[in-house]
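Asker: Residue numbers (UniProt numbering): 1 to 205.
First, the structure itself, so that you have it in front of you.
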């Protein structure tokens, strides 16, 4: 029997709705990245894996960068949903912010083959993609952290004049910094000290 991900969409009218279609294309992109071991994927290969014409892929994602950004945003959305709900002490702003910065760093070093492929080398095409999609990444993070952020403010856990989106930008930037060549493989304790010294002090009274 033909695997579902290789069945062709023979008619756009018969295809799934846009959300399902995008999900299917992102699933194909993930498989192609893992197969290659890096992000230098070809749109032709992704379309073939998804069982669609290239024109269908380009209808949803105009370029490889758009496709990679869509993939990263989906992973961030899913991950932040898990991480926020698994916070050990969500009312503790300092501890929670620290966890939400360090968990993405740790995730890159785990046994997930897609993470290994996404960060396979320092010249990854993912770097400019993330830079271009900074606002979209912040939007996804803010959606999940917003309720906690409001509670932290109400409790006096963080400075009253902090802006949610700016705070998410600082958290995202700190995570990105800790994933650079100089920091990625340093001990967890060193990364924690960095977060406490240069981020937590700026956010928590």
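Think of the CB as a built atom: it goes at the ideal place given N, C-alpha and C, for glycine as much as any other residue.
Between residue 205 and chain C, is any beta-carbon pair separated by less than 8 Å?
Answerer: The structure shown has no chain C; it contains just one protein chain.
Asker: If residue 57 and residue 25 are in contact, beta carbons under 8 Å, what's the gap, nearest whole angstrom?
Answerer: Right, the Cβ-Cβ distance comes to about 6 Å (below 8 Å), so this counts as a contact.
Asker: Would you grab the beta carbon distance between residue 71 and residue 131 for me? Rounded to a whole angstrom, and I think it's under 8 Å.
Answerer: The Cβ separation is near 16 Å, so there is no contact.
Asker: Which one of 171, 127, 21 has the shortest CA to CA distance from residue 65?
Answerer: The residue with the shortest Cα to Cα distance from residue 65 is 127.
Asker: For the candidate residues 87, 53, 92, 76, whose alpha-carbon lies nearest to that of residue 154?
Answerer: Ranking 87, 53, 92, 76 by Cα distance to residue 154 puts 92 first.
Asker: Does the stretch 185-201 come close enough to the stretch 112-119 that 3 or more CB-CB pairs lie under 8 Å?
Answerer: No: the two stretches stay apart, fewer than three of their Cβ pairs being nearer than 8 Å.
Asker: I'd like the list of long-range same chain contacts for residue 81, defined as Cβ closer than 7 Å, with 5 residues on each side in sequence excluded.
Answerer: Cβ neighbours of residue 81 beyond the five flanking positions: 144.
Asker: Which residues in the same chain have their Cβ closer than 7 Å to the Cβ of residue 177, if we skip the five residues on either side of it in sequence?
Answerer: Excluding residues within five positions, the ones whose Cβ falls inside 7 Å are 183.
Asker: Helix, strand or coil: which one does DSSP assign to residue 70?
Answerer: Three-state DSSP puts residue 70 in a helix.
Asker: Roughly how far, in whole angstroms, is the beta-carbon of residue 69 from the beta-carbon of residue 129, given that I think they are within contact range, below 8 Å?
Answerer: Residue 69 to residue 129, Cβ: 5 Å. Contact.
Asker: In the DSSP assignment, the alpha helix (DSSP H) including residue 154 goes from what residue to what residue?
Answerer: Per DSSP, residue 154 belongs to the alpha helix (DSSP H) from 134-154.
Asker: Can you tell me whether residue 41 is helix, strand or coil according to DSSP?
Answerer: Coil.
Asker: Under three-state DSSP, which class holds residue 157?
Answerer: Residue 157: coil per DSSP, three-state reduction.
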